[in-house]
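To start, the structure itself, in C-alpha cells.
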Amino acid sequence: TQLLEQSPQFLSIQEGENLTVYCNSSSVFSSLQWYRQEPGEGPVLLVTVVTGGEVKKLKRLTFQFGDARKDSSLHITAAQPGDTGLYLCAGADRGSTLGRLYFGRGTQLTVWP
Amino acid sequence: NAGVTQTPKFRILKIGQSMTLQCAQDMNHNYMYWYRQDPGMGLKLIYYSVGAGITDKGEVPNGYNVSRSTTEDFPLRLELAAPSQTSVYFCASSYRGRGGKSNQPQHFGDGTRLSIL
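Protein sequence lines correspond, in order, to chains D and G. Just so we're aligned: 216 in the working numbering is position 78 of the first sequence, and the numbers increase by one with no gaps anywhere. Just so we're aligned: 96 in the working numbering is position 95 of the second sequence, and the numbers increase by one with no gaps anywhere.
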C-alpha cells in the first residue's frame, strides 16, 4: 500500500511548456517535502511545506500544500531541459517523533529542447 | 563538505554471498536511514537509527541488518544475498534536536547500485 500517490508517473514535454505534478494521500502529514533526483545521484530537497494552504515559490517552481495537509502539488512554469529529473514527494509522519518520511513513487519528468 | 558518503558505488554479488554497504556522514546528524529504490517504486525504508547504539526496523527490513556504533557511520549488512535484493540503496541523514519538528530535511548519499546474480 502506497501512502502517497503521485501523478503522473511519467511526463514528457517540450521546453517552454507548463506542467503540474500531484501528490495525494488519505493521511494527514505534519509537513510535506519535495525532492528532485538526477540519474546516478541521491534525492536533493527542493522545499518543505508545513502549513495547510501554504504556497512556496522557488524561481519557476510553485509548491502548494493542501488545506487539509493531505495533498500537495508542484507547478513548473516554462519548463527547461535542466528541470529534467525524478520528482519525489515525501510526507512526514504526523505522529512520529522519529523524523520518518513516506515517499511517493515519483514523477519522471523529461523536458525536450 | 562531503555530506553523506556511500561506498561502494557499484557491486555485483552472487546469490548467497554477503556484503556490507558503508555509509558515513560528517554533518554530526543524529538520525540516519537506509532506503532501497526500485524502478517506479519510490524509496522504501529498510532501517533507521536515531543515535549511536539505537536502531529500528523500517518497512522492508527482512534480509538486512544494521549497526550504529558511532554517530558518523551506519553500515548496512546483507547476510545471504538474494535476487530480490537487487536495487539501488540510499543512505540518508538528518538532524533533530529535542522536541524538534519532524520536517527536517534528509540529506542523501549518491547510492550503491547492487546486482545479485
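Cβ coordinates follow ideal geometry from the N, Cα and C atoms, glycine included. Since this is a predicted model, take the numbers as computed values, not measurements.
{"Item": "Under 7 Å by beta carbon: chain B residues contacting residue 76(G)", "Value": "Within the model displayed, chain B is absent; protein chains D and G are what it includes."}
{"Item": "Chain D contact residues for residue 52(G), given Cβ-Cβ distances below 7 Å", "Value": "Residues of chain D passing the Cβ test: none, with the nearest at roughly 11 Å."}
{"Item": "Beta-ladder partner(s) of residue 108(G), from DSSP", "Value": "94(G)"}
{"Item": "Residues, ordered as in the chain, of the stretch 103 to 118 of chain G that lie near chain D by beta-carbon distance below 7 Å", "Value": "103, 104, 105, 106, 107, 109, 110, 111, 112"}
{"Item": "Cross-chain neighbours of residue 207(D) in chain G, by beta carbon under 7 Å", "Value": "Those do not exist, as residue 207(D) stays about 11 Å from chain G at its closest Cβ, beyond 7 Å."}
{"Item": "Cα-Cα separation between residue 49(G) and residue 26(G), rounded to whole angstroms", "Value": "14 Å"}
{"Item": "Contact under 9 Å by Cβ, residue 221(D) with residue 183(D)", "Value": "no"}
{"Item": "Proximal chain G residues relative to residue 241(D), where beta-carbon distance stays under 7 Å", "Value": "43, 44"}
{"Item": "Beta-carbon contacts of residue 154(D) that lie in its chain and below 6 Å, excluding the five residues immediately before and after", "Value": "216"}
{"Item": "CB contact below 9 Å: residue 93(G) versus chain D", "Value": "yes"}
{"Item": "Beta-carbon contacts of residue 204(D) that lie in its chain and below 7 Å, excluding the five residues immediately before and after", "Value": "190, 210"}
{"Item": "Chain D contact for residue 67(G) (CB, 9 Å cutoff)", "Value": "no"}
{"Item": "Contact the stretch 3 to 10 of chain G vs the stretch 62 to 70 of chain G: 3+ CB pairs below 8 Å", "Value": "no"}
{"Item": "9 Å Cβ cutoff, residue 5(G) in contact with chain D", "Value": "yes"}
{"Item": "Straight-line Cα distance separating residue 32(G) from residue 108(G)", "Value": "10 Å"}
{"Item": "Residue 250(D) burial status per 10 Å Cβ neighbour count (16 or more: buried)", "Value": "exposed"}
{"Item": "Terminal residues of the beta strand (DSSP E) in which residue 143(D) lies", "Value": "143 to 145"}
{"Item": "Cβ neighbours of residue 213(D) in the same chain (closer than 6 Å, five flanking residues each side left out)", "Value": "158, 200"}
{"Item": "Partner residues on chain G for residue 179(D), Cβ-Cβ distance less than 7 Å", "Value": "111"}
{"Item": "Cβ pair residue 119(G), residue 46(G) closer than 9 Å", "Value": "Residue coverage of chain G in this structure runs from 2 to 118, which leaves residue 119(G) outside it and unanswerable."}
{"Item": "DSSP three-state assignment for residue 221(D), whether helix, strand or coil", "Value": "helix"}
{"Item": "Cross-strand partners of residue 162(D) (DSSP beta bridge)", "Value": "143(D), 209(D)"}
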